[in-house]
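If you want our numbering, it's the position in the sequence shown, counting the first as 1, plus 17. Here's the structure, in structure tokens; my notes come after.
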Amino acid sequence: MAVIEERSRSEWQDLDRDHYLHPFTDHKDLREKKSRIITRADGVYIYDADDNEILDGMSGLWCVNAGYGREELVEAAEKQLRQLPYYNSFFQCAHPPSIELSRLLKEISQPQFNNVFFAGSGSESNDTIVRMVRRYWDLLGEPDKQTIISRVNAYHGSTMAGASLSGMKPMHRQGGLPIPGIVHIDQPYWFGSDRSLSPDEFGLETARALTKKIEELGVDKVAAFIAEPVQGAGGVIVPPDTYWPEIQRICDEYGILLITDEVITGFGRLGEWFGADYYKVKPDLMTFAKGVTSGYLPLGGVMVADRVADVLVEKGGEFFHGYTYSGHPACCAVAIENIRILQREGLIDRVKNDIGPYLQQRWRKLGEHPLVGETRMVGLMGALELVANKETLERFDEDKGVGAMCRDFLVNNGLVMRAVGDTIVVAPPLILTHEQADELIEKAWKCLDLTQAAL
Ligand code: PXG
18 MAVIEERSRS
28 EWQDLDRDHY
38 LHPFTDHKDL
48 REKKSRIITR
58 ADGVYIYDAD
68 DNEILDGMSG
78 LWCVNAGYGR
88 EELVEAAEKQ
98 LRQLPYYNSF
108 FQCAHPPSIE
118 LSRLLKEISQ
128 PQFNNVFFAG
138 SGSESNDTIV
148 RMVRRYWDLL
158 GEPDKQTIIS
168 RVNAYHGSTM
178 AGASLSGMKP
188 MHRQGGLPIP
198 GIVHIDQPYW
208 FGSDRSLSPD
218 EFGLETARAL
228 TKKIEELGVD
238 KVAAFIAEPV
248 QGAGGVIVPP
258 DTYWPEIQRI
268 CDEYGILLIT
278 DEVITGFGRL
288 GEWFGADYYK
298 VKPDLMTFAK
308 GVTSGYLPLG
318 GVMVADRVAD
328 VLVEKGGEFF
338 HGYTYSGHPA
348 CCAVAIENIR
358 ILQREGLIDR
368 VKNDIGPYLQ
378 QRWRKLGEHP
388 LVGETRMVGL
398 MGALELVANK
408 ETLERFDEDK
418 GVGAMCRDFL
428 VNNGLVMRAV
438 GDTIVVAPPL
448 ILTHEQADEL
458 IEKAWKCLDL
468 TQAAL
């Protein structure tokens with residue numbers, strides 16, 4: 018008997034409405050509209066219950082880097098599930114998949130990273146970060162160095178610490194967040210600023226907000242700064258070139274830990290293994306998830322630099338932290354095979370030297386559309402800003418929901434992109450071909466036309 022019964026689209030929709038509370042969803046609204054039921058996927062395409070083919074310009078949720086339908090990943094999971102479906106790494110145990118993955122992660126990351134801590138998701142990984150950096154300073158005899166500086170409009174997850182690190186007010190309003198000891202500075206979002214400064218000046222100014230915050234709090238209170246190399250869920254905010262070098266300089270000057278959240282930017286998204294490599298910064302901790310398994314199974318973790326690991330190991334005693342699924346064998350097996358696919362097929366180099374530059378150049382062309390005020394893309398991660406007036410770059414009233422309107426046209430015309438307000442974002446699988454890039458751009462242009470006509 019099949020595990021999942023055959024049902025019609027409307028049967029699935031009714032059952033979904035009656036029993037399933039979706040993440041980040043207005044439940045009442047969805048119950049009226051009904052869900053789109055996705056039933057299968059292959060390569061860069063997903064298929065719904067009516068067998069519509071849709072180009073997945075979001076790699077699922079920024080994660081299916083190696084594309085759908087990878088038999089190698091299925092086989093890796095199957096083989097591991099047969100041999101050892103589960104065992105933990107508590108109580109002085111380990112198993113080959115988690116050990117091998119640790120070795121492999123060391124091999125692909127910067128030389129300061131010789132250790133990894135595994136979690137089940139990006140959120141859990143960022144919770145780990147909070148525990149770990151606070152423990153680090155405590156062990157060094159600086160128990161007051163507890164505050165973590167993050168940024169407005171950052172996304173670091175949805176657990177209590179993840180949502181607190183995130184800089185999204187609507188999330189904070191639900192559940193009494195942020196938790197104590199987490200503060201936010203401004204983001205390097207030039208298009209969203211008053212644009213009175215050049216992007217480079219603006220990059221420096223927003224980076225120097227970190228200095229101001231450290232001085233305001235007192236460096237003896239500050240543990241770390243955390244940031245996504247390129248903000249993803251916040252709207253693909255690509256920082257000006259001046260931003261990251263200045264952040265690195267400030268973290269070095271004050272001796273605080275630098276954390277890059279690589280949940281989206283890791284595993285090739287920017288044409289390097291990690292966003293830190295792309296921006297040439299040297300983090301002390303890196304969070305990863307999503308692309309580590311191309312989303313085939315859930316896995317997250319934290320790369321820990323020697324500076325931190327040595328203290329935890331040498332001075333630490335027991336670190337009371339970990340998850341049942343830390344280093345889950347099947348997830349680790351899939352991650353190993355996924356990393357080997359990225360290596361074998363040269364997919365990261367392809368993002369840097371082939372499909373990345375190709376899509377970037379085609380994406381820039383969308384900037385000629387009357388509705389588009391700015392385009393930006395690094396690696397295979399991009400955004401376009403919808404504007405009411407192309408000359409003045411005046412934006413639409415938020416209530417008008419122009420981004421959502423455009424997004425609906427897109428998905429109904431066979432292309433998934435996400436709307437973050439009136440910013441349309443894209444992050445296709447790294448296997449995207451030139452023809453599929455052309456298809457993506459043609460569909461995007463057509464839907465910009467449809468949006469404009471509807472306005
Ligand atoms: N850090 C970053 C940078 C992320 O993008 C997380 C942490 C949390 O990961 P988990 O695995 O706990 O979800 C994320 C997740 C969106 C969207 O709408 C983005 C994410 C998750 C859900 C929706 O763009 N990113």
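Cβ coordinates follow ideal geometry from the N, Cα and C atoms, glycine included. Every value quoted in this text rests on a predicted model; they were computed, and no experiment measured them.
Ligand 1 heavy atom lying under 6 Å from the CB of residue i
{"i": "Tyr295", "result": "no"}
{"i": "Asp278", "result": "yes"}
{"i": "His338", "result": "no"}
{"i": "Lys140", "result": "Looking at the sequence provided, one finds Ser at residue 140 rather than Lys. Flag set: Cβ of Ser140 near ligand 1."}
{"i": "Gly174", "result": "yes"}
{"i": "Glu70", "result": "no"}
{"i": "Ala454", "result": "no"}
{"i": "Gly249", "result": "yes"}
{"i": "Glu391", "result": "no"}
{"i": "Glu245", "result": "yes"}
{"i": "Ala306", "result": "yes"}
{"i": "Leu401", "result": "no"}
{"i": "Leu78", "result": "yes"}
Residues near residue i by beta carbon distance below 7 Å, same chain, minus five either side
{"i": "Tyr296", "result": "Pro246 and Trp261"}
{"i": "Lys50", "result": "none"}
{"i": "Ser52", "result": "Gln30 and Asp33"}
{"i": "Ala17", "result": "Nothing can be reported for residue 17: it is not among the residues displayed for the chain, which extend from 18 to 472."}
Cβ-based burial, residue i [other Cβ within 10 Å; buried from 16]
{"i": "Ser167", "result": "buried"}
{"i": "Ser76", "result": "buried"}
{"i": "Asp301", "result": "buried"}
{"i": "Leu32", "result": "exposed"}
{"i": "His39", "result": "exposed"}
{"i": "Asn82", "result": "buried"}
{"i": "Asn429", "result": "exposed"}
{"i": "Gln109", "result": "exposed"}
{"i": "His345", "result": "buried"}
{"i": "Pro446", "result": "buried"}
{"i": "Asp73", "result": "buried"}
{"i": "Ser115", "result": "buried"}
{"i": "Val112", "result": "Looking at the sequence provided, one finds His at residue 112 rather than Val. Looking at its Cβ environment, which holds 16 or more other Cβ atoms inside 10 Å, His112 is buried."}
{"i": "Val20", "result": "exposed"}
{"i": "Ile276", "result": "buried"}
{"i": "Tyr62", "result": "buried"}
{"i": "Arg24", "result": "exposed"}
Neighbourhood of residue i by C-beta, 6 Å cutoff - its chain only, sequence neighbours within 5 removed
{"i": "Arg48", "result": "Arg34"}
{"i": "Leu316", "result": "Val309, Thr310, Cys348 and Ala352"}
{"i": "Ile281", "result": "Trp79 and Gly249"}
{"i": "Met434", "result": "Gly74, Leu427, Ile441 and Val443"}
{"i": "Pro387", "result": "Lys407"}
{"i": "Gly384", "result": "Thr392"}
{"i": "Thr223", "result": "Asp203 and Pro205"}
Cβ-based neighbour list, residue i, same chain, cut-off 8 Å, excluding 5 preceding and 5 following
{"i": "Gly220", "result": "Pro205, Trp207, Pro256, Pro257, Asp258, Thr259, Tyr260 and Glu263"}
{"i": "Gly438", "result": "Gly252, Glu415 and Gly420"}
{"i": "Asp237", "result": "Glu159, Asp161 and Lys162"}
{"i": "Tyr153", "result": "Ala240, Leu274, Val325, Val328 and Leu329"}
{"i": "Val389", "result": "Leu383, Leu401, Glu402, Leu403, Val404, Lys407 and Leu465"}
{"i": "His44", "result": "Leu38"}
Residue i CB to nearest heavy atom of ligand 2 below 6 Å
{"i": "Ile281", "result": "Within the structure as shown, ligand 2 is missing, the only ligands being ligand 1."}
Kindly confirm or deny that the region 253-261 and the region 359-374 touch, where touching means at least three C-beta pairs closer than 8 Å. Judged by Cβ distances under 8 Å, the region 253-261 makes no contact with the region 359-374, as fewer than three pairs qualify.
Segment contact flag, the region 142-153 with the region 329-341, C-beta cutoff 8 Å, min 3 pairs: Contact between the region 142-153 and the region 329-341 is present, because at least three Cβ pairs lie under 8 Å.
Between the region 308-326 and the region 414-424, are three or more C-beta pairs nearer than 8 Å? Not touching, per the Cβ criterion.
Touching by the beta-carbon criterion (3+ pairs, under 8 Å), the region 237-244 and the region 157-171: Yes: at least three Cβ pairs fall under 8 Å.
Does the count of Cβ pairs from the region 462-469 and the region 93-108 closer than 8 Å reach three? With the cut-off at 8 Å, the region 462-469 and the region 93-108 do not touch.
Contact between the region 250-258 and the region 394-409 is defined here as three or more beta-carbon pairs at a separation below 8 Å; is this criterion met? Touching, per the Cβ criterion.
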